[in-house]
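One structure is given here, and the rest of the page talks about it.
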DNA sequence: AATTGTTCCAACCGCACGACT
DNA sequence: TAGTCGTGCGGTTGGAACAAT
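Shown next, in the form of structure tokens:
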């Protein structure tokens, strides 16, 4: 049994105050990142090391880009999600100034719904025949879809809906049949030379791609993934 | 103006993994 | 080899903000 990362009795929780932020910023400016476990005490913060790390990485780092996601960022997230799945840190690594938490939140609150409204299963990026055969008649249907799907109580129903989609999806055949009407996803793949965070990332992605050619991600049958070839 | 419902996001939690002893 | 530590990751939640009634 591991010890907790810090003595939870003596730590603050919840939102960070400006004073706390400033202490953290000042400390890291002086001493750099690292050794998160001892940082709180050294910086005079009543916070757990993990909490400090999260705060710094997600909100205080000077190189962060705040604000809305651009359209090309959205496209890239969708494409990378199709390739990598919920590997938010890898996806965020391709989006300069964005964090995994930010990308994850944006996916869950915007992009998932956007894909569903387009008739695409956000879990496997395949066309959902139910929605396609009942083309989005209006914003009303889209609205109906979006409303109520996101509450915590409704997470389960959303999940089961997606699972149902799996059973009827046959995106591969759809690809070959233009009559299915692929939604305009603007999926021209233009992944530029990655702003690589590390060599390890590259190696890992190469491994992924190599292994995917044979099994899990079916390049030849996925309407989205086929665009990566 | 008050109440209720919904959305969004900051933060927490538990787990996994690599490094080290 | 097993245990511990430090860190990173992804899933989940709490609550503030906003919208609808």
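In the working numbering, the protein residues as written are 1 to 229.
Even for Gly, the Cβ is constructed at its ideal location relative to N, Cα and C.
As the structure is a computational prediction, the values presented were derived from the model and not from experiment.
Two segments are said to touch when three or more pairs of C-beta atoms, one from each, lie closer than 8 Å; by this definition the segment 79–90 does not touch the segment 40–54. If you draw a 10 Å sphere on the C-beta of residue 119, you find 16 or more other C-beta atoms in it, and that means buried. With 16 or more other CB atoms across the displayed protein chains lying within 10 angstroms of its CB, residue 76 is buried. Annotation: residue 118 is outside any alpha helix (DSSP H) and is labelled neither H nor E by DSSP. Sorting 91, 71, 73 and 72 by C-alpha distance to the C-alpha of residue 80 places 91 at the top.
Under the 10 Å beta carbon count, residue 62 is surrounded by fewer than 16 other beta carbons and is classified as exposed. Between residue 45 and residue 30, the CB-CB gap reaches or exceeds 9 Å.
Each residue's CA atom was taken as its position, placing residue 25 and residue 55 some 10 Å apart.
Ranking 113, 116, 59 and 20 by CA distance to the CA of residue 40 puts 20 first. In the structure shown, residue 126 falls within a strand segment according to DSSP collapsed to helix, strand and coil. Counting only residues of its own chain and dropping the five nearest sequence neighbours on each side, residue 11 has a CB closer than 8 Å to the CB of 40, 46, 47, 48 and 51.
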